[in-house]
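To start, the structure itself, in structure tokens.
Listed below in structure tokens is the structure:
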């Protein structure tokens, strides 16, 4: 049975449930940042997914990336499956800007997450749900 | 027409040409590190590829990841498409070890690349070509 890793649950707010992935919004106001988690138990690596699930995953990544880019006006999308700390397979899809705090470096480990103010979080969440959910 | 970005050409040695991607070996002895570059001109983001190319790409990523893991005994594979510095779409597939210099952080920006000694490079290249090329 699939259960979202507690660290991912603690660091994010839920956005949508797609055919394969739970779509989460990272609670870090420094970067509009989605996390896609395939709802499959005991998977740590992309190559442990079935080929059928991988075909869905890459389309869900592309859909998340395009929607995030259009919603935010990002200059670049960064996509990554790392998992050195949280072993459950999860894919980062991050909107990057030439003026963001880590540019041009990757975002991880540059500084601690800065949680959104409540209204900022509600606004972004609503815009992303509308764009990504087809509502 | 597709031309490999000069920065990618300078930092790597060629391994194989797959149906979609050029498979390159990063010349950094700190981590066994592949780079997959879809041979398509003027593509910077995953979502700019066609859906058909994306389906091939995710399978080539999985094949690279599994082969790299088996060849090296890696504890974890890190996969990422960043592109903040080199705009041509390229996917990092990196073998990580709990004793490597950046663990558990991502590898980028931790320290400059340490090129392989000639014999070490030839040996790894030959093992990876055999495993990934089906030779």
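Protein chains in written order, with my numbering: chain A, 51 to 185; chain B, 51 to 185. Idealized CB from N, CA, C, for every residue including glycine. Quick caveat: nothing in here was measured; it's all calculated off a predicted structure.
Inset, instruction - My understanding is that residue 129 of chain A touches residue 131 of chain B, with C-beta atoms under 8 Å, so please give their C-beta distance in whole angstroms. - result: 5 Å
Legend entry - Coarse secondary structure for residue 106 of chain B, derived from DSSP in three states: helix
Legend entry - Reduced DSSP category for residue 185 of chain B - H, G, I as helix; E, B as strand; rest coil: Because the pLDDT at residue 185 of chain B is just 49, under 50, the model does not fix this residue reliably, and the value given afterwards should be weighed accordingly. It is coil, neither helix nor strand.
Inset, instruction - Report yes or no: is there a C-beta of chain B within less than 8 Å of the C-beta of residue 183 of chain A? - result: no
Legend entry - Span of the beta strand (DSSP E) around residue 86 of chain A: 83–88
Inset, instruction - Run down chain A in chain order and give the residues with a C-beta less than 7 Å from the C-beta of residue 88 of chain B. - result: Neighbours of residue 88 of chain B on chain A: none; closest Cβ ~12 Å, over 7 Å.
Inset, instruction - Determine the burial state of residue 167 of chain A: buried for a count of at least 16 other Cβ atoms within 10 Å of its Cβ, exposed for fewer. - result: exposed
Inset, instruction - Can you give me the start and stop residues for the beta strand (DSSP E) that residue 124 of chain A sits inside? - result: From DSSP, residue 124 of chain A is part of no beta strand (DSSP E); its letter is neither H nor E.
Inset, instruction - Pair every Cβ in the segment 89–103 of chain A with every Cβ in the segment 155–164 of chain A, then say whether three or more of these pairs are closer than 8 Å. - result: no
Inset, instruction - Determine contact between the segment 75–90 of chain A and the segment 52–60 of chain A, defined as no fewer than three beta-carbon pairs at a distance below 8 Å. - result: yes
Inset, instruction - Using a Cβ cut-off of 7 Å, pull out every chain A residue sitting near residue 97 of chain B, in sequence order please. - result: 112, 115, 116
Inset, instruction - List the residues that DSSP assigns as beta-bridge partners of residue 60 of chain A. - result: Paired residues: none, contrary to the question.
Inset, instruction - Please classify residue 173 of chain A: is it buried, with 16 or more other beta-carbons within 10 angstroms of its beta-carbon, or exposed? - result: exposed
Inset, instruction - Look up residue 144 of chain A in the DSSP assignment and say whether it is helix, strand or coil. - result: strand
Inset, instruction - Determine the DSSP secondary structure at residue 131 of chain A, reduced to helix, strand or coil. - result: strand
Inset, instruction - Please report the residue range of the beta strand (DSSP E) in which residue 73 of chain A lies. - result: 71–76
Legend entry - Cβ-based neighbour list, residue 185 of chain A, same chain, cut-off 8 Å, excluding 5 preceding and 5 following: For residue 185 of chain A, the pLDDT reaches just 49, beneath the cut-off of 50, and the residue's location in the model is therefore unreliable, leaving the point undetermined.
Inset, instruction - Helix, strand or coil for residue 66 of chain B, going by three-state DSSP, please let me know. - result: strand
Inset, instruction - State yes or no: is the beta carbon of residue 135 of chain A nearer than 8 Å to at least one beta carbon in chain B? - result: yes
Legend entry - Simplified DSSP state of residue 95 of chain A, which is helix, strand or coil: coil
Inset, instruction - Taking residue 69 of chain A as the query, report the chain B residues whose CB atoms sit under 9 Å from its CB, ordered along the chain. - result: Result: empty, since nearest Cβ-Cβ is about 15 Å, beyond 9 Å.
Legend entry - Proximal residues to residue 114 of chain A (C-beta, below 7 Å), its chain only, five neighbours per side dropped: 73, 84, 86, 143, 182
Inset, instruction - Using a cut-off of 9 Å between C-beta atoms, extract the partners of residue 139 of chain B located in chain A. - result: Within 9 Å Cβ-Cβ: nothing; residue 139 of chain B doesn't reach chain A, min ~10 Å.
Inset, instruction - Would you identify the three-state DSSP class for residue 180 of chain B, choosing helix, strand or coil? - result: helix
Legend entry - Nearest to residue 139 of chain A (by Cα), restricted to the options A/175, A/66, A/64, A/104: A/104
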